[in-house]
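In my numbering, the protein residues as written are 5 to 340. Where is the CB? At the ideal position from N, CA and C, for every residue including glycine. These numbers come from a predicted model, not from an experiment.
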Ligand code: NAD
Ligand code: ZN
Ligand code: ZN
């Protein structure tokens with residue numbers, strides 16, 4: 005089969021023929037219908053997040069079960085599925101509560117194990133596929149990360165948001181397009197921030213109450229004006245020094261900052277402890293299997309807009325370049 009394999013930051017991504025995986029006992033084989041191109045792949049390709057190579061990239065996968073290994077009866081071949089990518093050991097404390105993405109074996113799909121930029125994907129356990137009948141694979145693939153991760157961020161923020169509060173979403177790309185929608189579902193005021201007017205127009209369509217163009221002016225005061233004061237919650241889908249600084253500067257006392265973007269791989273959040281009291285900062289990592297069920301339920305009910313463009317093997321390198329330059333609207337999704 006054809007697969008897009010990462011051979012290290014020097015050689016980059018190579019589309020090549022590799023053997024089609026053979027599912028072992030307890031495993032399954034999924035024919036890839038679609039796989040989202042995540043900004044995290046850029047952090048892998050640059051070497052910022054070191055991974056064992058060679059490895060087939062791609063951690064946002066939808067497709068069809070085509071073979072099952074010994075002992076797997078369910079789901080049966082022919083079942084359309086999405087793949088939960090946070091593969092773990094299956095029995096540590098994190099995995100036992102369904103938060104396999106927090107397991108420290110680091111065998112995540114397309115990161116520590118071969119992923120979905122290929123014709124077929126080996127999935128190590130049936131718990132990592134969820135039936136997705138009736139969903140178009142191109143729209144379904146981004147649900148497994150681009151939607152799941154913001155869903156987790158908003159899920160954690162929900163208790164801190166009422167109708168009189170503001171949630172600030174910074175970065176309206178692949179993840180942020182869903183972040184704005186989930187934030188709007190809480191009933192709080194949503195302020196979306198990006199450097200690209202087209203992304204801000206999308207945020208407006210997706211339910212943002214106000215938008216801030218971060219390419220000009222003093223961003224924190226523009227956010228405060230748009231919010232009508234300080235914000236209860238900020239979710240940073242960029243995570244670089246500037247955006248973290250803006251978020252730290254606009255939060256109210258007791259505010260919560262959820263950092264999703266990976267920035268340059270480390271976080272420094274500066275705020276004045278004498279001004280913003282008891283601000284809590286946490287990163288957010290991917291999502292749980294049950295949170296993916298929630299996201300699928302929202303998609304099934306037609307409550308999520310998914311903005312995508314479709315690309316093939318030949319377009320991968322150019323599309324990653326465009327993603328790096330901020331030139332993708334919503335999610336670019338690969339189909340084999
Ligand atoms: P993306 O490239 O699709 O979107 C990034 C968006 O941020 C774009 O709209 C861009 O215009 C905007 N942006 C860039 N710089 C900005 C700035 N200074 N101010 C405001 N907006 C700015 O990326 P994505 O796939 O949505 O991923 C976003 C980040 O989240 C990446 O760092 C990615 O690695 C990370 N990520 C983290 C997790 C997790 O589990 N924590 C999961 C997936 C992705
Ligand atoms: Zn990702
Ligand atoms: Zn585990």
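query                                                                                                     : result
Residues near residue 186 by beta carbon distance below 7 Å, same chain, minus five either side           : 154, 155, 158
7 Å Cβ cutoff met for residue 39 and residue 145                                                          : yes
Proximal residues to residue 45 (C-beta, below 6 Å), its chain only, five neighbours per side dropped     : 61
Neighbour-count burial assignment, residue 169, 16 or more Cβ in a 10 Å radius                            : buried
Length of the line joining the Cα atoms of residue 245 and residue 124                                    : 39 Å
Close beta carbons around residue 343, own chain, < 7 Å, minus the five adjacent residues each side       : A query on residue 343 cannot be resolved here, the shown segment of the chain reaching from 5 to 340 and no further.
Pairwise C-alpha distance: residue 8 and residue 15                                                       : 12 Å
According to DSSP, residues forming a beta bridge with residue 135                                        : 85
Proximity of residue 107 and residue 92 at Cβ, strictly below 7 Å                                         : yes
Sufficient close CB pairs (3 or more, under 8 Å) joining the segment 160 to 176 to the segment 239 to 257 : yes
Where residue 121 falls, given that 16 or more other Cβ within 10 Å makes a residue buried                : buried
Limits of the unbroken beta strand (DSSP E) element including residue 221                                 : Here residue 221 belongs to no beta strand (DSSP E), and DSSP marks it neither H nor E.
Integer-rounded CB distance, given that residue 152 should sit under 8 Å from residue 291                 : 4 Å
Rounded Cβ spacing between residue 142 and residue 339 (contact assumed at less than 8 Å)                 : 7 Å
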